[in-house]
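Below is one structure, written out as structure tokens; the observations come after it.
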Amino acid sequence: MRIASTKKVDAGTILAQTIYNENGIILIKEGKRLTEKLLQRLLNNGITYIYIEDGKTDDINLDQVIPDKLRVEATNTIKETFLELKELGLGQRSYVLEKRSEELSNVVEQILSEIQLSENALSLLADIFVSDNYVFQHSLNVTIYSLAIGVEMKFTKKQLTEIGVGALLHDIGKMFIEPDILQKPAKLSDEEFEIIKGHTQIGYDYLRKHHYIPAVVSHCAYQHHERLDGSGYPRGIQGEDIHPYAKVIGIADVFDAVTSSRVYREAMLPHEGLEILYAGAVDLFDKEMIEAFKRSVVAYPNGLTLKLSDGRVGVVLRQNSNSCDRPVIRILEENDEKITEPYEVDLEQTVNVTVKQVMVD
């Protein structure tokens with residue numbers, strides 16, 4: 001299977017990976033021949049990239065660190081919790097959160113266990129889920145990425161649990177913002193953007209009313225948009241004044257935001273998301289944490305077509321556990337011509353060859 005841009009896939013192409021909704025119900029099953037109508041349905045649901053069969057890469061497998069079943073269960077827990085809290089409103093302390101806190105902690109523990117047991121780096125591009133609310137999937141993805149950074153940085157079990165719950169709840173304030181602003185498909189006005197930015201303060205004020213929620217979790221909601229140079233919000237604090245958990249969640253938050261499809265823009269690929277983080281290293285983000293994230297996440301997922309610096313073209317076959325940006329490539333073209341006998345190139349061993357271009361046409 002290989003990765004293709006949904007808008008450039010021809011009708012008649014066979015889907016190689018099942019697509020689910022957030023409740024785990026199959027929307028389009030693998031092996032289905034895609035029609036124009038199905039392709040448009042995928043685009044309307046924000047699916048920017050899909051896995052397709054092409055006869056040359058059908059043996060390529062996806063390295064899924066987080067099983068589909070766990071993703072569905074975790075998303076449902078987040079959705080149910082957030083919607084119950086939204087219905088009750090901001091006015092008073094909610095015992096729903098206390099009741100659900102054990103379930104949220106269990107979600108964190110299960111995700112953490114999968115990350116610690118897996119030898120593979122994270123590749124959430126392999127997890128195709130259609131969600132009716134970006135906040136639910138985003139909260140889960142940010143939790144997965146944050147825990148991966150925390151594991152790589154050798155945080156203690158207590159710290160990992162705290163940062164996991166903090167990541168799950170980091171955007172809880174958005175549930176109390178009007179949906180027509182939160183999900184607006186067009187560019188936000190300055191006034192609307194200020195309302196959106198208010199989710200950090202709302203989330204902090206809401207969480208700190210609940211004595212069973214650790215203060216550090218409240219600060220994850222409060223500070224995850226702060227930046228090292230003071231250019232963030234809500235307070236514009238700098239450097240060491242930002243809690244380490246918030247620094248980690250801030251990195252995970254940006255990466256997932258740019259690599260997820262939104263109503264107003266297409267998703268970037270993982271390597272592009274990493275480039276954005278590196279551009280902000282030192283000034284905006286903690287460099288050590290970004291390096292830890294780079295070691296945790298796949299830059300070029302299995303099935304992605306790459307053009308190498310020497311002109312050869314191939315598809316990512318598998319990952320190298322010690323070099324998440326230097327995978328093994330199956331070469332399919334040389335000198336602008338398709339070859340009859342594909343072969344492998346290990347970029348971890350072939351240091352004089354680099355990735356020149358990602359091709360998803």
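Residue 1 is where the sequence shown starts when you use full-length UniProt numbering, and the numbers rise one by one after that. Ideal Cβ placement from N, Cα and C applies to all residues, glycine included. All values derive from a computational prediction rather than experimental measurement.
Item	Value
Nearest to residue 281 (by Cα), restricted to the options 159, 294, 23	294
Selection from 333, 291, 223, 62 that minimises the alpha carbon distance to residue 308	333
Sub-8 Å separation of residue 378 and residue 305 beta-carbons	What the structure shows of the chain is the stretch from 1 to 361, and residue 378 is not part of that stretch, so it cannot be assessed.
Residue 48, buried or exposed, once every other Cβ within 10 Å from all chains shown has been counted against 16	buried
Neighbourhood of residue 256 by C-beta, 7 Å cutoff - its chain only, sequence neighbours within 5 removed	138, 141, 142, 145
Three-way DSSP call (helix, strand, coil) for residue 357 in this model	strand
Start-to-end residues for the beta strand (DSSP E) that takes in residue 314	313-320
Nearest-angstrom Cα separation, counted from residue 311 out to residue 151	37 Å
Beta-carbon spacing of residue 234, residue 201 below 8 Å	yes
Backbone CA spacing between residue 7 and residue 261 [nearest angstrom]	13 Å
Beta-carbon spacing of residue 283, residue 241 below 8 Å	no
Neighbourhood of residue 9 by C-beta distance below 8 Å, restricted to the same chain and skipping five residues each side	34, 39, 50, 52
Cβ shell of residue 11 (< 8 Å), same chain only, five flanking positions each side left out	34, 35, 36, 39
Cα-Cα separation, residue 296 to residue 345	22 Å
Own chain residues within Cβ distance below 8 Å of residue 43, not counting five before or after	6, 7
Ordered list of alpha helix (DSSP H) runs contained in the region 210-268, each at least 4 residues	215-223, 244-259
Residue 382 versus 217, 211, 212, residue with shortest Cα-Cα distance	Only positions 1 to 361 of the chain appear in the structure, and residue 382 is not among them; the question remains open.
Short Cβ contact (8 Å threshold) for residue 291 with residue 323	no
Collapsed DSSP secondary structure at residue 71 in the structure displayed	helix
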